[in-house]
Each structure stands twice: as C-alpha cells, then as structure tokens.
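First comes the structure, then the notes that go with it.
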Amino acid sequence: MAPIIEAENVVKHFPVKKSMFGKEAWLKAVGGVSLQVAENRVLGIVGESGSGKSTLARVLLALSRPTAGDVKFEGRSIFGFDRQQMKAFRRAVQIIFQDPFASLNPRITVFDTVSEPLRIHGLAGRGELRPKVAGILKSVGLGEEVLDRYPHEFSGGQRQRICIARALAVSPRLIIADEPLSALDVSIQAQILNILSSLKENSGISFIFISHDLRVVEYLSDEVAVMYLGKVVEQSGAPSLFEEPLHPYTAGLFASAPSLKPGKSRREVPKGDVPSPIDVPPGCPFHPRCPKRFSPCDKVVPRLGQPSGKTGRLVACHLWNPY
Amino acid sequence: MPLLEAGGLSISFKGRGGPVKVVNNLSFTIGEGSFFGLAGESGSGKSLTALSLLGILPAGASAGGSIRFRGRELIGLSQEEMRSIRGREISMVFQEPMTSLNPVLKIGYQIREALQAHLRISRKEADSRVIELLSSVRIPAPEHRVNDYPHQLSGGMRQRVMIAMAIACGPSLLVADEPTTALDVTIQAQILELINTLKEERNMSVLLITHDLGTIAEHAEQVGVMYAGRLVEVSPVKEIFEGPKHPYTIGLLESIPLKGRRGTPLKPIPGSVPPPWDLPAGCKFSTRCPYVIPGCERQEPELRQVAPGHFARCIRAEEMAWRL
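Respectively, the protein sequence lines represent chains R and X.
Under my numbering, think of the first position of the first sequence as 1, with each following residue one higher.
Under my numbering, think of the first position of the second sequence as 1, with each following residue one higher.
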C-alpha cells in the first residue's frame, strides 16, 4: 500500500552559539530519519526529551524546513508545493498538541473554534455550519450545549476533546498527535484514548502518535519507531516490539516503566543522562549508557537494518547487524 | 509510636461564601522507616496534604485537626518552632527541580545553606559534608560539581541536588511531591531507585505523592488513595493492587492501558472530579461510580476496615471482586 506520508532521510540541525568567540555549533535534533505511514495506520513515535520526536513532527507538518532530506505527501514533496497544494495539504494533515490550555484561543467560542477550519476551507455553507459542528462535537462526546461556551469553562479533558473536534472538522487523512495525553489525569487519559482508538477503527484516518508513555503507545499503535538523540534506533510492528525489544535502549525504556505488580522487580534501567543533542556521542549514540556495548560501538555508527531472521523489524545496533 | 500521625486533618481556603474545605478529615499514620504512597488525581488534595505537614500551606489556606510527629502536635506551632522541624526532621522534594533551585547560586552553596540553617558546624566542615551528600545522591565528581550553577545540570541531576539538600540534616521523614513527573522515563526510574536506597541506608520514612500508580506499586509499602479531599482507600500495597475495594481505585486501575488491553476499549471513569464547592451529598464519588445504589447518596460512608489492615470508604466494599 502506498504511504500517505513519507519522511526520506530527514535531517534537521539548529545553529547554536557555544560562546561569544567560539565557532558555531549545531544542535542535531533529527539526524536522518526515514518513516512511512500507510492509510488507516497508526505510527507511534517513542522517545525521551531531546530525541527529536517533536522536531520531526514539525518537519512532517511543513512547519519547519529540513536541513536535508525530504517529506513526501501522497508521493510528492511537500516543500515544492504551491499555495493551492499547500492549502490542500494543510487540510489533509492536522495536529493535536500536548497542552489543551495553550492550544485553544480563549477569546472565541467552541463553535467558532471548530467551525473556523470549515470556513477557511469552504467546506460548509453558513446554514450548515451549526449542525455540522454539533455533529463533530458529538463524535468526541460533547453535547450541543457547549457550542457557545468559551475554553476557560472546560476541564483539560473536555478541552482536548475540542482540539480533537477541530482537527476532525476538515476530514483530514492524517492526524499528528504530539503527546496529547501528557497534560491529563489518568482517568481522563483513558477517555481520550478511547476516542482516539474509535477514530482509528471507524474513520479511516491515519495517525502519528508521539508519546513518551509506552503503555499508551502499545495500546494504540500498529507500528512503533523508537527514537534516541535524533535517530530511529528501532522500528517494528507494535506487538513484536513489545514482545521482544531488540535494541538495548528499547529494552531499557521498557524496564524503566513500572508495572502494576506490587513489590520491586529486578530490572536493568539505563544509567546516566541522555547526552545533549549538541554533543552527540560518536558511533552509536546510545553507547555511553548501553549495558551491552562492545568494541565497535563507540566508533562505528550502526545502520538501521533488518536483522537476519527478524522479518518486518528494523534495528540500529551492532549486536544485531554485523558492521 | 508511629513517626507521623494525622488525625482528622482538614484544610480549608477562604472563599467568598465561607470557607471551602479541600481536604476533609484525613487520618493516616506513617511508621518509622516506612514508605507511604499517597495517590490521587489533580484536585484530590494530595499536594496540600504534603504542604500542611511542613507548615507551608499557601496564603489563605489553613489546617485543622491534628498532625502528630513523634507525638508532638505540629498544628498550632509558631513559625519559629516549625522552622526548627522543617528541613531538619521533615523535609521535602518538589516536582520541578529547576524552579526549586536558586539559579544564581552555586549548588554547593545552596546545600551548605541548608546544613548551616540547622547545624552548628564550621564552614570547612559544611563544605566537606556537601561533597559527601552529593556523592551519596550518586552525583559523579562531586568536588567539581559543587561549583556548578543549576543551569549547568540536567533535570535528573538537579533533582539529585534537591534530594541532597532535603537529606542534608538527616530528616526522619522525606516528603516527595511528584518528584519525577518532570523527568524522562529512564531518569524517573533512577530517581525513585535513589530515594528508595537512601530510605534503606538512612532508615528514613518516605511519603511519596504521585498520580502514578505504577510507581506506588513498585516502591510503597502502604498506600492511600485520595479523591475529592478524602482518603477513599488505605491499605498495604499488595492488598490494594491485588484486590482493590473502592470503586475509584478500581476505576483508576481500569483506566491504564495495560498489556493485553490492546484493541479492547478501556473503561474510563465517566465525567470529571467535581469542584470542592459542588460535591454531591453522601459519597463524593457517587456521581461517577458504576456501582452506585440509592444508599450511596444518603450519607457519606466512613473509612472502615474491610479486611485486616485494609480500609475503604464504600458501603459496597465487600462486594468488590475486581482483579488486575
């Protein structure tokens, strides 16, 4: 199946000045990432802060131009789009942000918030707007009575529903959700998760779901990419990734997330801090923290490839792919 | 005698229509050298409870009832008296290490300040204690790090500095309010591991306040679950995770997308927490509870013992047969 969106070796570097007289340094936010999302699939991107997951999302949305590489939407480069094509792209790809308090305009009503994209794209006539908006709100579990209210009147969970409704309004093909649950309480997270998973089942929309929470990613994703310091270190179908993580970083991430079993479990948690993306370690970026490093790890950058006998899985680790 | 004993602890804010009670009649005990996990969502009153133990409630809030620490009543103590306990006997680690550290002072200076506030020691002795403390929270090369400013450290390292400061005077109770929420997953695990190790090494008690039941399952010995300013369930950790007795606890556990729940809809708690001035009569969870019966709305249930050491505030607690 042809992918809807495709990142081809995307690189994004930001210039940073180290000191007044020092030479310019580069923050290597994304260091060559290739990904694809097919129709009606959910790609989960997991990573810690500094892994480049949000920068990658901005590049995929054409909010930021990559330093190198390309993003293709339905087979065509999004950075070569003219005005008309860009407008169509903006309609087809929507985003849901982390903080529902910061991503709604406090001065306009829910009706105006959700109907604005419909008006911009000319998708509904004046008379149809209200029933259409009410219908969209209903699909995220909000009643008609919210139409004329303002964002401050709602709880975090309700606001996130409004943000989802706004994204759905233009019938997008792809929604990028960047940590959409992190600002919410556990019981509210489950409500939003149910909405997202029923959208996935019933709407045919593809999702890129960015999160640091492995349990949530496992619940929702078909495919998962694990990022570390700007690189994809492992990519695979969700069930097999969670069944058997191949990359030591993936295994370490899993070990760090507590289960609900009472009592201590012996686990190997990665030591030390995530290095700064300004000083990415040579060789494998994970080698300073890796319990399994051996001779080539600090010299040779591992390539992302399929280990023999592991169909459908990609891993960037010398343990699995001979260098 | 337990180390800390809260009895009928209530916290109210001044409101336009009279005081608003945000924590209501809280009773719990923390034993010597034990690990108590207090769980709840935002607005449950868990953080205010923590602040009240240190006598640092925000302006406009006041505490009633009793907090006994080693048998001594803390409520009603003067600022002066409280200051001799705070930091020395009971100390606290906050959620955001960046906003809790002074950005213009070296970390060594800030830890030394905590030491010299309570102990009569020379500058030289304090300096060497600071290095000891930094190495006890596993900061590498502490003799160099003392001269760092907070911005030179990573989030995890800053939280280690906060912990070093908190344990500087050898407190017997460490209150940690969401100490890992602002940190990355792998760093969270490291910090909790550190708190646990320090608790063992120093025979210190820990009160961990968190919204993350997983963290509680892994580290706590005793668990309290708060809802709308009340404790709704208190129990040893094993019992509460193996057989929760309050529908709210069950709802929280059902909201977590665990392994094996993939593809099946979660069963979230419907609605959201009502504000403290608009709580239902009777059981405060009754408006959201799937197990509600007419009796629930008449009278607020007591927190009562439903199994040895296991307390729940629900009239149907014995019927709860939910299993993880």
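Quick reminder that beta carbons are idealized off the backbone N, C-alpha and C, glycines included.
Quick caveat, the model's predicted, so the values are computed rather than measured.
Pairwise C-beta distances place the stretch 194-210 of chain R out of contact with the stretch 237-253 of chain R, as fewer than three of them are shorter than 8 angstroms. A Cβ-Cβ separation of about 7 angstroms places residue 161 of chain X in contact with residue 153 of chain X under the 8 angstroms criterion. Residues of chain X with a Cβ closer than 7 angstroms to the Cβ of residue 252 of chain R are, in chain order, 186. If you ignore the 5 residues before and after residue 144 of chain R, its C-beta comes within less than 7 angstroms of the C-beta of 134, all in its own chain and listed in chain order. Spanning the alpha carbons of residue 198 of chain X and residue 173 of chain X requires a straight line of approximately 11 angstroms. The beta strand (DSSP E) runs lying completely inside the stretch 129-200 of chain X and spanning 3 residues or more are 173-177, given in chain order. A direct Cα-Cα distance of roughly 5 angstroms separates residue 167 of chain R from residue 94 of chain R.
Listed in chain order, the non-local C-beta contacts of residue 267 of chain R below 7 angstroms within the same chain comprise 255, local neighbours out to five positions each way being set aside.
The C-alpha of residue 1 of chain X is placed about 28 angstroms away from the C-alpha of residue 117 of chain X. Two segments are said to touch when three or more pairs of C-beta atoms, one from each, lie closer than 8 angstroms; by this definition the stretch 183-199 of chain R touches the stretch 34-42 of chain X.
Collapsing the DSSP output to three states places residue 30 of chain R in a strand. For residue 4 of chain R, the enclosing beta strand (DSSP E) starts and ends at 3-17. Just measuring C-alpha positions, the residue of X/254, X/33, X/54, X/176 sitting nearest residue 97 of chain X is X/176. Residues of chain R with a Cβ closer than 7 angstroms to the Cβ of residue 229 of chain X do not exist, since the nearest Cβ in that chain sits about 15 angstroms away.
Contact between the stretch 239-247 of chain X and the stretch 306-314 of chain X is present: 3 or more CB-CB pairs across the two stretches fall below 8 angstroms. In the DSSP assignment, residue 145 of chain R falls outside any alpha helix (DSSP H), carrying neither H nor E.
Three or more Cβ pairs closer than 8 angstroms define a contact, and the stretch 259-273 of chain R falls short of that threshold against the stretch 69-88 of chain R. Boundaries of the beta strand (DSSP E) harbouring residue 35 of chain X: 35-39, taken from the DSSP string. In this model, residue 71 of chain X and residue 108 of chain R are separated by some 55 angstroms (Cα to Cα).
Here residue 158 of chain R carries a helix assignment [DSSP, helix/strand/coil]. About 6 angstroms separates the Cβ atoms of residue 37 of chain R and residue 4 of chain R, confirming a contact at the 8 angstroms cut-off. Counting along the chain, the unbroken beta strand (DSSP E) around residue 67 of chain X starts and ends at 61-69. Under DSSP, residue 310 of chain X forms a beta bridge with X/307.
Contact between residue 110 of chain X and residue 101 of chain X holds: CB atoms are separated by about 6 angstroms, below the 8 angstroms threshold. Per DSSP, residue 224 of chain X is not a residue of any alpha helix (DSSP H); the beta strand (DSSP E) it occupies stretches across 222-227.
Take the alpha-carbon of residue 58 of chain X and the one of residue 36 of chain X: they are about 24 angstroms apart. Note that the C-beta distance between residue 26 of chain X and residue 231 of chain X is below 7 angstroms.
R/179 is the residue among R/306, R/179, R/294 whose C-alpha sits nearest the C-alpha of residue 46 of chain R. Distance from the Cα of residue 310 of chain R is smallest, within the candidate group R/243, R/75, R/264, for R/243. For a Cβ distance threshold of 7 angstroms, residue set 186, 187, 189, 190 of chain R lies close to residue 255 of chain X, ordered along the chain. Distance from the CA atom of residue 272 of chain R to the CA atom of residue 287 of chain R, rounded to whole angstroms, is 11 angstroms. With a 10 Å radius around the Cβ and a threshold of 16 neighbouring Cβ atoms, residue 84 of chain X comes out exposed. Distance from the CA of residue 282 of chain X to the CA of residue 293 of chain X, rounded to the nearest whole angstrom, comes to 11 angstroms. When C-beta distances to chain R are compared with 9 angstroms, the residues of the stretch 229-243 of chain X below that value are 236, 237, 238, 239, 240, 241, 242, in chain order. Taking a 10 Å sphere around the C-beta of residue 99 of chain X, we find fewer than 16 other C-beta atoms and assign the residue as exposed. By the neighbour-count criterion, in which 16 or more other beta carbons inside 10 Å mark a residue as buried, residue 152 of chain R falls on the exposed side.
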